[in-house]
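First residue of the first sequence: 662, per the working numbering; consecutive thereafter.
The beta-carbon is built from N, C-alpha and C at its ideal position, and this holds for glycine as well.
Being a predicted model, the structure only gives us computed values, none of them experimental.
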Amino acid sequence: MIKRTIATIIRDACEGCKKDGIIPVNVEINPIIEIPKEEGHGDYSTNIAFLLAPVLKKSPQETAGILVRRMDFNAVCDKIDVAGKGFINFYVKDAIWQKLLQDVYAEGVDALFPETGQGKKVLIEFVSANPTGPLHIGHGRGAAVGDVLANILSKAGYNVTREYYINDAGRQIKTLGRSTFLRWQELKGMQVSYEQDLYQGEYIKDLAREIVEKNIDIPSGEEDAIAFMARFSGEVIMDGIVKDLEDFGVYFDNYYKESALYERGVIDDTLSLLKDKGYAYEKDGAFWFKTSAFEKDEDRVLIKSDGEKTYFTSDIAYHLDKFRRAYGTLVDIWGSDHHGYIPRLKAAIQALGKDKEDLKVILIQFVSLLKDGKPVGMSTRAGAFTTLREVLDEVGRDAARFFFLMRKSDAHLEFDLDLAKKTSNENPVYYVQYAYARIMSIFRNAGDEGIDADQLKNADLRLLAQEDEINLIKGIIHFHDVIEGCARSFEPHRITFYLLDLVGNFHSYYNKTRVLGDDRELTLARLLLLYMLREVIRSGLNVLGVSAPEKM
RNA sequence: GCGCCCAUAGCUCAACUGGAUAGAGUGUUGGACUACGAAUCCAAAGGUUGCAGGUUCGAAUCCUGCUGGGCGCGCCA
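Right, dumping it as structure tokens:
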């Protein structure tokens, strides 16, 4: 918002220098404009002088001085400083902030969302857990990150689709069928040896029991029976997954089945396309993709010597299909243990004639659970993992989602169940929600005093002159930059940090300043400030998929 | 053996992608409710950013080499 105005001031000054021959015309001007972390360094600062100093063969300070003298800033800034070794600091007028607040109030909080997307189509594929068992907590983190990222991009003007890829054609599904089949035989009183590499969880026994209890007909031959069990188990488990996700507040636009790639002939298209372009070849009775043509990685098998296609083949086909559906940017969210897979898929994307930057892979690091201060083990193999369902039941949706988004996604997350469950000040979720409830409470009181929201539009914002009031306004306006940053960097966790910071300032303000007072004009101005604060908090929580309770 | 990620206050983590004196929360200590919700606030204390070099006006951030941890390296998915 205001950042753009600052950028214009800088650019105009540079253009002026070019015109006067101080800066060569062909020099690219690409300054960074940032919000200084140090208070006293103004509202914005730029490093432009450091960039131009070598060109002018002068010191950064001198360069900054030359530029500042040419800056036409009176409309928005009280002053511009050259500070430190050559930073240029901009001090925006209070009146500008007050005006921005007024504008945002008039247009509504949605005016703060950037329009970086311009309607471009983005496909976010996430969770995509195989339907061979319930979702565990790691899937939950991926679900939260994917869902919130989708919200952010969508709010930032992208046309977003959420997709879940169901891996229903691979060997794991066969293993699932065999697992259920053997458990079923056990129930029938047969002596079976249940192998180590089958699914160990109790839920397999539940599936077998369901088949028996519902008296479901099973095909007679073993092979047919296993195939039936595979389909049955997969569907039941998938239903459970969808239910878990819904309770977590995550909804998908599409569920895309791997088997559909075969049915629609996308697999064959992919193979012939790669072959025609010369990126695939035969060797040792198998059919290979030339990964090495694009990335520092070894060539990979597409069709095994036994004629079976590999998972990689499906995946290339799937991504080809995504591009065919006109998505310009593909976001894949994977567990970080799949990071070694990135080069080959990027290579495949390039073989399909796309830019490798068209595919963004976001890795989700593992979650370790903490209970009673001790780590909770979670091994999928042993069947003793903690499911998303268990976490949801224990701490609730709001805390679960918020906690999953309190860390950068590619960093380990330590999830403290006891903390997430606490309804006290230590719990960051409540810290944010409490601010919202507090503001709502003030508005209820204001209503009792005969002030309704309608009167806010007459508020005189020049009365918001306290330093912390101006700071709160800045915080509100910065919501725009935060969302923009999230959308650019694909980092949803920035919103949680922003909200915690924003409401921290509010709580502090609240303890110092009385909002409802005898001075009606001042009261109205402060109420408008709180109104917008409330809107931003609500909007931010909404993007996170966390509720904003009016009372708690 | 090769490759990727991580290492920041006692603990859990930030730092707007190379910016100024590295910040929060928690924990510890001491304070604030007979006016809008104390699920809150204020203050003190806490650091050689794992180690050693390098790049430059400037490094937690980039490069090289170590130390310690996680994960990959299949005609598995």
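- Annotation for Leu713: Ile684 and Thr724 place their beta carbon closer than 7 Å to its own, counting only its chain and skipping 5 residues before and after.
- Boundaries of the alpha helix (DSSP H) harbouring Asn1172: His1154 to Lys1173, taken from the DSSP string.
- Counting only the Cα atoms, His980 lies some 39 Å from Lys875.
- The alpha helix (DSSP H) runs lying completely inside the segment 943 to 999 and spanning 4 residues or more are 972 to 985, given in chain order.
- Straight across, the Cα-Cα distance linking Phe973 with Ile727 is about 58 Å.
- Here the alpha carbons of Phe893 and Asp967 stand approximately 27 Å from one another.
- C-alpha of Glu969 to C-alpha of Ser1070: approximately 35 Å in a straight line.
- At least 8 Å separates the beta-carbon of Leu848 from that of Leu1066.
- Gly747 is positioned such that its CB atom lies closer than 8 Å to that of Phe711.
- By a beta-carbon distance limit of 8 Å, Val853 contacts Leu843. Their separation comes to about 5 Å.
- Around the beta carbon of Gln759, 16 or more other beta carbons lie within 10 angstroms, which makes this residue buried.
- Val1176 is not a Cβ neighbour of Val1093, given a cutoff of 8 Å.
- For Ala1061, the uninterrupted alpha helix (DSSP H) run begins and ends at Arg1058 to Phe1065, by DSSP.
- DSSP lists Val753 as the beta-bridge partner residues of Cys738.
- Ile785 places its beta carbon 8 Å or farther from that of Glu919.
- Residue burial annotation: Asp885 is exposed, with fewer than 16 other C-beta atoms found within 10 angstroms of its C-beta.
- In the same chain as Ala1126, and ignoring 5 residues on each side of it, the C-beta atoms closer than 8 Å to its own belong to Asp755, in chain order.
- Ala1148 sits in a helix when the DSSP states are folded into three classes.
- Straight-line spacing of the CA atoms in Thr707 and Asn915 works out to 44 Å.
- Counting other Cβ atoms within 10 Å of its Cβ, Ser840 reaches 16 or more and is therefore classed as buried.
- At a Cβ-Cβ threshold of 8 Å, Leu1117 and Leu1183 do not count as neighbours.
- In the three-state reduction of the DSSP assignment, Arg1068 falls in the coil class, being assigned neither a helical nor a strand state.
- Straight-line measurement puts the Cα of Arg1050 at about 22 Å from the Cα of His1154.
- Within the same chain, Cβ atoms closer than 6 Å to the Cβ of Thr952 are found at Asp958, Asp960, Arg961, Arg1005 and Ala1008, the five residues on either side in sequence being excluded.
- Counting only the Cα atoms, Ile670 lies some 36 Å from Leu991.
- In this structure, the CA atom of Gly677 is about 7 Å from the CA atom of Arg731.
- DSSP lists Glu695 and Asn750 as the bridge partner or partners of Ser706.
- Annotation: the continuous alpha helix (DSSP H) that includes Thr724 extends over Pro721 to Arg730.
- Counting along the chain, no beta strand (DSSP E) covers Asp885; the unbroken alpha helix (DSSP H) around it starts and ends at Glu883 to Asp908.
- Within the same chain, and ignoring the five residues on either side of Gln1026 in sequence, the residues whose Cβ sits closer than 6 Å to its Cβ are Ser997, Asp1071, Ala1072 and His1073.
- For Pro1089, no beta strand (DSSP E) run applies; the uninterrupted alpha helix (DSSP H) run containing it begins and ends at Pro1089 to Asp1109, by DSSP.
- In this model, Pro715 and Arg1181 are separated by some 56 Å (Cα to Cα).
- Check the Cα spacing between Asp733 and each of Ile667, Arg1105 and Leu773: the tightest is with Ile667.
- Between Gly818 and Gly778, the CB-CB gap stays under 8 Å.
- Per the DSSP secondary-structure output, Tyr916 pairs in a beta bridge with Tyr825.
- When C-alpha distances from Gly850 are compared across Val753, Val737, Val873 and Gln857, the shortest belongs to Val873.
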